[in-house]
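Taken in order, these protein sequences are the chains called P and A. Counting along the first sequence from 1, when you hit position 258 you're at 258 in my numbering, and nothing is skipped either side. Counting along the second sequence from 1, when you hit position 355 you're at 355 in my numbering, and nothing is skipped either side. Here's the structure we're looking at; comments come further down.
Protein chains: 2
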Amino acid sequence: MDLTLIGQRARAAGRALGLISTERKNAALEAIASALLDHAEDVLAANARDMQAGRAAGTADALLDRMLLTRPRLEAIAADVRNVARLPDPVGQHYDVSVLPNGLKAHKRRVPFGVIGVIYEARPNVTVDCAALCLKSGNAAILRGGKEIGFSCAALVTVIQHALAASGLPADAIQVIDDPDRALVEQLLRLDRYVDVIIPRGGAALHQFCREKATIPVITGGIGVCHVYVDQDANLDYVVPIVRNAKVQRPSVCNALDTLLVHRAVAALVLPPVATDLLRHSVELRCDEAALALLHESGIEQATLARPSDFGTEFMALILSIRVVDDLDQALDHIAQHGDHSDAIITENQAVADQFVAAVDSAAVFVNASTRFNDGGQLGLGAEIAVSTQKLHARGPMALYELTTYKYVVEGAGHVRA
Amino acid sequence: MDLTLIGQRARAAGRALGLISTERKNAALEAIASALLDHAEDVLAANARDMQAGRAAGTADALLDRMLLTRPRLEAIAADVRNVARLPDPVGQHYDVSVLPNGLKAHKRRVPFGVIGVIYEARPNVTVDCAALCLKSGNAAILRGGKEIGFSCAALVTVIQHALAASGLPADAIQVIDDPDRALVEQLLRLDRYVDVIIPRGGAALHQFCREKATIPVITGGIGVCHVYVDQDANLDYVVPIVRNAKVQRPSVCNALDTLLVHRAVAALVLPPVATDLLRHSVELRCDEAALALLHESGIEQATLARPSDFGTEFMALILSIRVVDDLDQALDHIAQHGDHSDAIITENQAVADQFVAAVDSAAVFVNASTRFNDGGQLGLGAEIAVSTQKLHARGPMALYELTTYKYVVEGAGHVRA
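This is the structure:
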């Protein structure tokens, strides 16, 4: 495969796409949604080949389930594409409009990045999600899914490209690297002449690999240790529901709770009911000495002593580390050391809440709410391509707006600089 | 030198700095400005050592002049610091405020990056400029100036650190890597645990080196090929002044003109007066065949035939390449291939201007104005730490606002995700 050619095509398609009206982009998205269902048989046949290879390779059931496409799943994917068509288009917005003292008129205009590279794992739905969000935001995309779903990705992109062409949009706006050669990922990460930003979607190793190898800006995220701090002035009625929701509702995602911090003054009140509830939900509890002692005093024996590494670990599983802290400062120091994704405080004390919000340097900070709300859909963005934990450009959920940049537009009447 | 220790200190200082009021930051900046003048003798003595070494090494006069500090130059540097103190503080701004359907209150809050690494060449004033902008925007900074100005940088940062400490701010907020070992630059570029963004200030080689080696997001910029396109509907009175200003006023900077594109329909009218004017200002003209023929017909013999590489070259000198184009599309294709920094059109045709502005994908696009306005001071930002040509986070001039990011703040009343 020649990535230079793919890059050139993507750049040309991106140039064209940036000038296409919202209406035409939406029509193309509707056409893609329909085509996915019209060509469901082809897509499901390709997916069956991936599934067969996956089963033959002894792939774990959980991963096989993520790889699987079914007719209902394709219907859900198509519905998501139609949802993206309905979202407002950020491209073309004017802002920071000013008239400078010399009479020059300046504004910033929101424009697509141009070309986005997306590297993801064995989830075929990501192919379509990313294609839809990139198209709506006026970007061409070069997609590289996990090699386990190579046939599925190729089939999905073929459907998308035909729908684009039928809609009069450049088919090269969405391209896939379906050659499993891993060296191509490194090539993609260095295609800085043609690709403006790389979005990895996967585990820590993928993000690290992209950071190491890329000469293109990388949006890292979707990974992080999340904390809930129960302050001495917490409304105790909030604690069990928030901790349960943050830990149990979907433990395998990045905004799930990893570490519970409890103020010493309320630890004896808070920890037994929290532990009882979590144990009922099969959560393994790894406690510092103070927390463990309190649980043992309450007759709760199932908790274990945490190792130091249990703090600062993203578990992605029904495991929670628990620490008793002396005060807000100790909680803040702990979060400063380990957090950057989603951190919450439970308190009725506004001054303490304000201090926590000001001091915690994470993508999203919550007061009296579950960390699970750090999500594009939940925060009203309508969709999400990634949850950024780096600080450049965007933090937290990224959707259409976050897939755009701006340019300065300056209009004069023969103005020259003095 | 132990960069890990420097990184840890910077991170701690950044945490503190992010919570310090605008008033206290401004007071510290005033203290730094005063201290620079109070300790001018120490700084000038250190600079004299750099200058002596530079002269002994046979450094070029232009570079020696950039390295030189004098009392008037220190006064100008101190005045720039006081100017930064007077600029509005972006930190703490709330925006995108919303109440979600479930009653959660969400907003974005503008916060410092945390720690900024700045790598620059042999210009001691950059040390103070960057320190002031980072401090005002609540960021700690790790500075690495060119090895030619090691003594100057160390002396300036000593003065800054004392002034910070005397103002009750963490002295570690501004640190310098004054060990000339180049391996330390590579270490800094990989200090992703402690540094949030790298801003290189220098030539193309430095930017490329940073892109290659960094595991931290890099803001590249300050480099680019700038174009002026003279449309067939240009106001011809604008052409000579804009081209002269863009090319001649300060040819060594990144927003200076490199390539003039002229619509064929007006080339015979436009090129002779432009060439005559530029030749009077000692500009070397490198023309495509059509442009050269027109100049020769007008009796202008000093121009030469351009080589292909003269298009797409940032000259940083009194050299201009000139091409005659058939139409707007050819101009747009040319700019798409070579431009990304500052590009201008001269036209009275609003539809053509709109097409040009929409299609040119550069950091700043100008209509009937000189490219030299792509500058923080000129565009009303009050200062500038860099001119970005990458698309993530900020494009064009970057000042205080662009040295900040945001976090989501979400406030509930025991909210959990359904």
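The C-beta atom is built at its ideal place from N, Cα and C for all residues, glycine as well.
query, result
"Helix, strand or coil at D96 of chain A [DSSP, three-state]", "strand"
"Cβ shell of Q161 of chain A (< 6 Å), same chain only, five flanking positions each side left out", "A171"
"Simplified DSSP assignment, three categories, for Q302 of chain P", "coil"
"Residue-chain proximity (G396 of chain A, chain P), Cβ-Cβ < 8 Å", "yes"
"Any chain B beta carbon closer than 8 Å to N83 of chain P", "Absence of chain B from the displayed structure is noted, the protein chains being P and A."
"Residue-level contact to chain A via CB, V419 of chain P, 8 Å cutoff", "No answer is possible for residue 419 of chain P: it lies beyond the span of chain P, which begins at 1 and ends at 418."
"G114 of chain P: contacting residues in chain A (beta-carbon distance under 8 Å)", "D361, K391"
"Proximity winner among A:D343, A:K407, A:V357, A:E384, relative to V429 of chain P (alpha-carbon distances)", "Here chain P covers residues 1 to 418 and nothing more, so residue 429 of chain P does not appear."
"Residue from A:G224, A:V240, A:D42 whose Cα sits closest to the Cα of T276 of chain A", "A:V240"
"Contact with chain A by V43 of chain P, beta-carbon distance below 8 Å", "no"
"Within 8 Å, strictly: CB atoms of V360 of chain A and R264 of chain A", "no"
"Through-space distance from V195 of chain A to A141 of chain A, alpha-carbon basis", "9 Å"
"Listed by chain order, chain A residues near L403 of chain P by CB distance under 9 Å", "The premise fails here: L403 of chain P is roughly 11 Å from chain A at the closest Cβ pair, so nothing lies under 9 Å."
"Rounded straight-line distance, which links the Cα of T405 of chain P to that of R395 of chain A", "8 Å"
"Assumed close pair C153 of chain P, L143 of chain P - CB separation to whole angstroms, cut-off 8 Å", "7 Å"
"Neighbour-count burial assignment, V99 of chain P, 16 or more Cβ in a 10 Å radius", "exposed"
"The segment 334-353 of chain A: positions lying closer than 7 Å to chain P by Cβ", "A336"
"Straight-line Cα distance separating Y120 of chain A from A33 of chain A", "21 Å"
"Backbone secondary structure at E422 of chain A - three-state DSSP", "A query on residue 422 of chain A cannot be resolved here, the shown segment of chain A reaching from 1 to 418 and no further."
"Cross-chain neighbours of S98 of chain P in chain A, by beta carbon under 7 Å", "G380"
"Alpha-carbon to alpha-carbon, N255 of chain P and A131 of chain P", "24 Å"
"Min CB distance L19 of chain P to chain A below 8 Å", "yes"
"K108 of chain A - containing beta strand (DSSP E), residue span", "105-112"
"Under 9 Å from the C-beta of D196 of chain P: neighbouring residues of chain A", "Q390, K391, L392"
"Simplified DSSP state of Q175 of chain A, which is helix, strand or coil", "strand"
"CB contact below 8 Å: Y95 of chain A versus chain P", "no"
"Distance, D129 of chain P Cα to I77 of chain P Cα", "7 Å"
"Interface flag, N139 of chain P vs chain A, CB-CB below 8 Å", "no"
"At least 3 beta-carbon pairs within less than 8 Å: the segment 93-107 of chain A vs the segment 343-361 of chain A", "no"
"Where V97 of chain P falls, given that 16 or more other Cβ within 10 Å makes a residue buried", "exposed"
"Where Y229 of chain A meets chain P, residues with beta-carbon distance less than 8 Å", "Within chain P, no residue comes near Y229 of chain A; the closest Cβ sits about 15 Å away, beyond 8 Å."
"Top-ranked residue by Cα proximity to R307 of chain A, from A:A10, A:L285, A:K25", "A:L285"
"E30 of chain P at chain A interface by Cβ criterion, 8 Å", "no"
"Member of A:Q330, A:R372, A:F356 whose CA lies at the smallest distance from the CA of S342 of chain A", "A:R372"
"N- and C-terminal bounds of the alpha helix (DSSP H) containing A256 of chain A", "Here A256 of chain A belongs to no alpha helix (DSSP H), and DSSP marks it neither H nor E."
"Straight-line gap, D258 of chain P to S252 of chain P (C-alpha atoms, nearest Å)", "11 Å"
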